[in-house]
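This report concerns only the one structure given below.
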Amino acid sequence: MRGQGERRGDGTFDSLPVNVTLAHLYRFDILPGHSYVLGGKVTKLDDGRTTVMHVDNSIEHRALPGGEVVEPGPIMISGTGVIMRVRYTNTKHVENPTLEVLVSHDPSGNGDGRVKVRWLLAMGDMDIPYNTNFKLGTRIALAGRLEALGEPAGLVVVKATRGVYYEECKEG
């Protein structure tokens, strides 16, 4: 199964291979060659390369009719994690600096399945003040669109569009 992201300048789409898990006795069968509207949690397996999507039964999913043309929007990612590194990448724009924040996420909630995500933050475009001093070890919640998966350093890269910074909250 593949997911598609935002259209590139040359008219092609970023493509993301994904293994999908469905609850037994799901509402409909997933058939090769068909398109579906699905939602769920995307994680990586222990090998660091295999991406898995666990389809959420609480969301209304549907098969797309064969003739329906669908413009897939960007793949949206969200999560709360712990800040591991902060680096300014665009210091010339004082009102709108761009930050690269490396965040460690724990999608399984048990500390075993940590996933590192490189978030790109254009501070003036977000609801976090541009002069925020991010501290290592503090928590942050971010949402944005997938930019790259696993290249070049094996990190998921997401351009953040929303965020909440928990300045006084350290992971315990």
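All residue numbers for the sequence shown refer to numbering that gives the first Met the number 0, where the first residue is 0 and numbers rise by one.
Here a beta-carbon is modelled for each residue, glycine too, at the ideal position from N, C-alpha and C.
CA-to-CA distance, L98 to T137, given in whole angstroms: 16 Å
Distance, G78 Cα to A140 Cα: 6 Å
- prompt: Taking all protein chains shown into account, do 16 or more other C-beta atoms lie within 10 angstroms of the C-beta of Y87, making it buried, or fewer, making it exposed?
  reply: exposed
- request: Output the distance between the C-alpha atoms of G162 and V155, rounded to the nearest integer angstrom.
  value: Looking at the backbone, the Cα of G162 and that of V155 are separated by about 17 Å.
field: Where M122 sits in the DSSP three-state scheme
entry: helix
task: Check whether the Cβ atoms of F133 and I76 lie closer than 8 Å to each other.
output: no
task: Using three-state DSSP, classify G38 as helix, strand or coil.
output: In this structure, G38 counts as coil in the three-state DSSP scheme.
query: Is K40 buried or exposed, if buried means 16 or more other CB atoms sit within 10 Å of its CB?
result: exposed
- prompt: Just how far apart, CA to CA, sit M0 and R144?
  reply: Bear in mind that a pLDDT of 45 at M0, under 50, signals an unreliable position, so the number given afterwards is only what the model happens to contain. M0 and R144 have their alpha carbons spaced roughly 19 Å apart.
task: Mind checking who I82 pairs with in its DSSP beta bridge?
output: Within the DSSP bridge table, the entry for I82 names V102 as partners.
- request: Tell me where the beta strand (DSSP E) around R172 begins and ends.
  value: What is shown of the chain runs 0 to 171, which leaves residue 172 out entirely.
query: Helix, strand or coil: which one does DSSP assign to T117?
result: In the sequence on display, residue 117 carries Arg and not Thr. Correct three-state label for R117: strand.
- prompt: Can you tell me the Cα-Cα spacing of K115 and V157, whole angstroms?
  reply: 11 Å
query: So, are the CB atoms of H60 and L37 less than 8 Å apart?
result: yes
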